[in-house]
Amino acid sequence: MDKTVPDLAAAVAGIEDGMVLMVGGFGGSGAPIELIHALIDRFKATGSPKNLTVVNNNAGNGRIGIAAMIDAGMVAKMVCSFPRSADPRAFTEKYLAGEIGLELVPQGTLAERIRAGGAGIPAFYTPASFGTDVAKGKPVAEFDGKSYVQERWLKADAALIKAELADTMGNLTYRKAARNFSPLMAAAAKLTIVQATKIVAPGEIDPEQVVTPGIFVNRVVEVANASQEEALMRDGVAYA
Amino acid sequence: MDKTVPDLAAAVAGIEDGMVLMVGGFGGSGAPIELIHALIDRFKATGSPKNLTVVNNNAGNGRIGIAAMIDAGMVAKMVCSFPRSADPRAFTEKYLAGEIGLELVPQGTLAERIRAGGAGIPAFYTPASFGTDVAKGKPVAEFDGKSYVQERWLKADAALIKAELADTMGNLTYRKAARNFSPLMAAAAKLTIVQATKIVAPGEIDPEQVVTPGIFVNRVVEVANASQEEALMRDGVAYA
Amino acid sequence: MSTKLSNAQIAWRAAQDIADGAYVNLGIGFPEMVAKFQPPGRQAIFHTENGVLNFGEAPPSGEEDWDLINAGKKAITLKPGAAFFHHADSFGMVRGGHLDVAILGTYEVAENGDLANWSTGPKGVPAVGGAMDLVHGAKRVAVVTDHVTKDGKPKLVKRCTLPLTGVGCVTRVYSSLAVIDIEDGRFVLREKLASMRVEELQAVTGAELVLPDVIGDLVAPEVS
Amino acid sequence: MSTKLSNAQIAWRAAQDIADGAYVNLGIGFPEMVAKFQPPGRQAIFHTENGVLNFGEAPPSGEEDWDLINAGKKAITLKPGAAFFHHADSFGMVRGGHLDVAILGTYEVAENGDLANWSTGPKGVPAVGGAMDLVHGAKRVAVVTDHVTKDGKPKLVKRCTLPLTGVGCVTRVYSSLAVIDIEDGRFVLREKLASMRVEELQAVTGAELVLPDVIGDLVAPEVS
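Top line first, the protein sequences correspond to chains A, B, C and D.
Using this note's numbering, the first residue of the first sequence is number 506, and each one after it goes up by one.
Using this note's numbering, the first residue of the second sequence is number 506, and each one after it goes up by one.
Using this note's numbering, the first residue of the third sequence is number 356, and each one after it goes up by one.
Using this note's numbering, the first residue of the fourth sequence is number 356, and each one after it goes up by one.
If you want it as structure tokens, here you go:
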């Protein structure tokens, strides 16, 4: 029942070529930088995993995190709502060169599709994007006189998640707005991998305050002093 | 911005004949007994509200709460998953006499329909009830080779909710398993009315621990020593 | 030796198949007994539809907290590492395939995996609760049941005659006489009471039993 | 007197229509200025897509907490009575009709309420963010905008020519020259600069202005 793993390399084991990978975070808040960099380390050492489809609200910033995965050549496609950032060149260059795919999804639809994936809802209807280019080719339907677009669930082979507290059974809390997509992704992935600022014993997180119950979590690794994207950017770090 | 109201009568004002009323709770846990009884008091004094459609997982127990509303003749129809209880006679007698309607909804579908109502999702697909009598007449569709039933959102004119803490802006916490349907119903109703064990100032509930944000809440009334259904049953209380 | 397993023994047998760390939902009533028989060294995490993970036994009488109940409205306690959540999240766990096993009681179960456990017909007040959700999504959906009805009719049948709870959803049956898997629309006999011949078992089963090379003995200690 | 309102003045004007206790989402950039101009005695509650209600101003430089940001990825602070929630709950608030008003910037807005504010065409990297969700569900969807483009072309048009963000979603336009409601597929002029004649305004507007009996003066103090 103990879901802790000894180190970052063990945490990201089993993520293989061609997988769909969800990565928590909205910009830098909630970005699991150490897990991403551990995956890049493995790629540099072994050439794998590559050809990944990465799901995140954005498409990386600077030369770290998801941007560094793109720079390293690990990512075949991004699924996101806003592939722009303070320094979006990693994605932009490859996108304009036709070297990386993009599925653009409105932010609320992205969240709801991931939530549906975790909750066993194969499809739902949303007003968002009706009548726009983004809805082209999607089924539409009218309910109570208003038009909606049918959207499908989004699931992943694995998810990388940054939490604040984790207990050894995988119950999680988040820190402030770093929560964002992470509880949804934890539920939508087959293999949910968590870096937590602190790991505690079962019972040390009040059951009322658990945001992600351990049922959604497979592995937990402690990263006490996690990097924040903004600080890395300020310091000009390039990981790839 | 202060959503507190002085008493229970003020809290339940505006619930009128023919409305759809969601009532939080699962059995006795989370049942807003005092709000329900305040509504019964108004009915006894004025003859209104009547002809209500009540949404709750169950259909009342004994002679209190929802059962007392049914006894009093205020309820035209129940929408629930399990209209049975330790003492279900209020509903059972009227149902077998053809004096009350029933829309039977699987429990997970009931929760998801209410969630959809609050979240602006007019319809979704679920595997629950496919191929059963409960799905008769509903649209079905196949996704990835599996069959699903299309379900519609469920909204209400008003919701009666029992919370543990409320701040004056309507942010709520719940107590243990009394959470159940309440956060969903708070979001799915036009007029959300809350009885809280304690009302505190804004800022006294940690923003991390808010379960229902105040945006979903219209009125809050303090009921410090709320009744628990099981205790009323044991004492043989009949309210209607 | 008894000619059939007691309910407690059926529950004991079902409990032997639950791995350490498994997430489990037990139906109201008889299936709840499964929790009592977790093998030493294994700890399952129990889920209840009304929003609790990792609950424990009933509290002593008089110490109930009626805000802390299970789907059967009975008072429960918490184990360390418990969590509360709302009903939509709870059934997201169910439909989303996050439970390792759901164990339910039944009126009938058919060789095609159909389950009928919510209604005995149009009389009275219909009540479905969470059963129609629980039969979808859990990685394994098992039933615990007497092999026959009180008047001796098979509960394992060719096709259900009662209103269905779910279509093609059951993967294993723990009965008072046998352990039977449902594979490719057939009953596959895995274990039977050693005292019973296959022909005797077939005679009280409503559809043909597929007989693999190895059929184990169904044995359970005296438990209650 | 200036011949048009500054962005700050447009934001000031939009802020006057926000009631005490209103739940409000402000688009990234220019619309964010609306928060600065809440009238005395009124307090709106601001929502940001990434899961915060009731946030306040930016912290002083050097005191940023980068786990506490808004949808524009800028550091924010909290007011008493704030709440955190995940992205699905956040957009449930948006689509579910819980926001009283959403105020967005725009490239074009059409008399039928269509909005085009996310893409200037097929070049470059497309990015939509939360705009396509925000234009649905809020009780009022307003835009704040210069009345014309930098090269003098109308931004209020008969039909949008740029890729749409949403169909028939905008209810009010606060421009640098006027306040215009969209009703029954028409631009209805509510307020205009006193210094401007209706004919002058019509000349820089891409669709016909409906003129009600009462047209107010658009006035805003010198703010920045």
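Glycine included, C-beta positions come from ideal geometry on N, C-alpha and C.
- At a cut-off of 7 Å between beta carbons, Thr702 of chain A makes no contact with chain D.
- With the rule of 3 Cβ pairs closer than 8 Å, the region 486-497 of chain D does not count as touching the region 434-442 of chain D.
- If you draw a straight line from the Cα of Gly567 of chain A to the Cα of Ala693 of chain A, it is about 28 Å long.
- Residues of the region 635-661 of chain A with a Cβ closer than 8 Å to any Cβ of chain B, in chain order: Ala646, Phe648, Asp649, Lys651, Tyr653 and Arg657.
- Annotation: Cβ neighbours of Tyr630 of chain B in chain A (cutoff 8 Å, chain order): Ile626, Pro627, Ala628 and Phe629.
- According to the DSSP assignment, Arg589 of chain A belongs to no beta strand (DSSP E), since it is labelled neither H nor E.
- Sequence-ordered contacts of the region 546-564 of chain D with chain A are nonexistent [C-beta pairs closer than 7 Å].
- Annotation: the continuous alpha helix (DSSP H) that includes Ala369 of chain C extends over Asn362 to Ala370.
- Close to chain B, meaning a Cβ-Cβ distance shorter than 7 Å, are the following residues of the region 461-487 of chain C: Val480, Pro481, Ala482, Val483, Gly484, Gly485 and Met487.
- Here the region 538-547 of chain B makes contact with the region 513-524 of chain B; the two share three or more CB pairs at distances below 8 Å.
- Of all C-beta pairs linking the region 627-636 of chain A to the region 597-604 of chain A, fewer than three are shorter than 8 Å, placing the two stretches out of contact.
- Residue C:Lys510 holds the alpha-carbon nearest to the alpha-carbon of Thr475 of chain C among C:Val379, C:Lys510, C:Asn425 and C:Arg450.
- For Pro414 of chain D, no CB of chain A lies under 7 Å from its own CB, so it is not counted at the interface with that chain.
- Between the C-alpha atoms of Val728 of chain B and Thr702 of chain B there is a straight-line separation of about 5 Å.
- In the three-state scheme derived from DSSP, where H, G and I count as helix and E and B as strand, Ala693 of chain B is classed as helix.
- Per the DSSP secondary-structure output, Ser652 of chain A pairs in a beta bridge with A:Glu647.
- For Tyr630 of chain B, there is no enclosing alpha helix (DSSP H); the enclosing beta strand (DSSP E) has its first and last residue at Ala628 to Thr631.
- Secondary structure note for Met574 of chain A: its alpha helix (DSSP H) is the uninterrupted segment Gly570 to Ala577.
- Interface flag for Gln714 of chain B against chain A is set, since a Cβ pair is found closer than 7 Å.
- With respect to the 7 Å criterion, Ala691 of chain B and Ala731 of chain B are not classified as neighbours on the basis of their beta carbons.
- Counting only unbroken stretches of 3 or more residues, the beta strand (DSSP E) elements lying wholly within the region 462-547 of chain D are 463-465, 495-500, 527-530, 533-538 and 541-547, in sequence order.
- From the beta-carbon of Ala443 of chain D, the residues of chain A found nearer than 7 Å are Ala616, Glu617, Arg620 and Leu689.
- Separation of the CB atoms of Asp420 of chain C and Lys681 of chain B is rounded to 7 Å, and the pair is thereby assigned contact status at 8 Å.
- Interface flag for Asn685 of chain A against chain D is set, since a Cβ pair is found closer than 7 Å.
- Of all residues in the region 394-409 of chain D, the ones placed with a Cβ closer than 9 Å to any Cβ belonging to chain A are Thr403, Glu404, Asn405, Gly406 and Val407, in chain order.
- The C-beta of Asp672 of chain A comes closer than 7 Å to at least one C-beta of chain C.
- Nearest CB-CB separation between Pro509 of chain C and chain A: not below the 7 Å threshold.
- Here the alpha carbon of Asn561 of chain A sits roughly 60 Å from the alpha carbon of Ser550 of chain C.
- Per DSSP, reduced to three states, the secondary structure at Arg680 of chain B is coil, with no helix or strand assignment.
- Here Gly521 of chain C is buried: its Cβ has 16 or more other Cβ atoms, across all protein chains shown, within 10 Å.
- Asn380 of chain C is bridged by DSSP to C:His402 and C:Ala457.
- Residues are counted here when their Cβ sits less than 9 Å from a Cβ of chain B; for the region 362-377 of chain D these are Asp375 and Gly376, given in chain order.
- In the structure shown, the three-state DSSP call for Asp638 of chain B is helix.
- Phe548 of chain A is a Cβ neighbour of Ala577 of chain A, given a cutoff of 7 Å.
- One thing to note: Ala558 of chain D has its Cβ no nearer than 7 Å to the Cβ of Leu360 of chain D.
- Lys660 of chain A sits buried, since 16 or more C-beta atoms from the chains shown fall within 10 Å of its C-beta.
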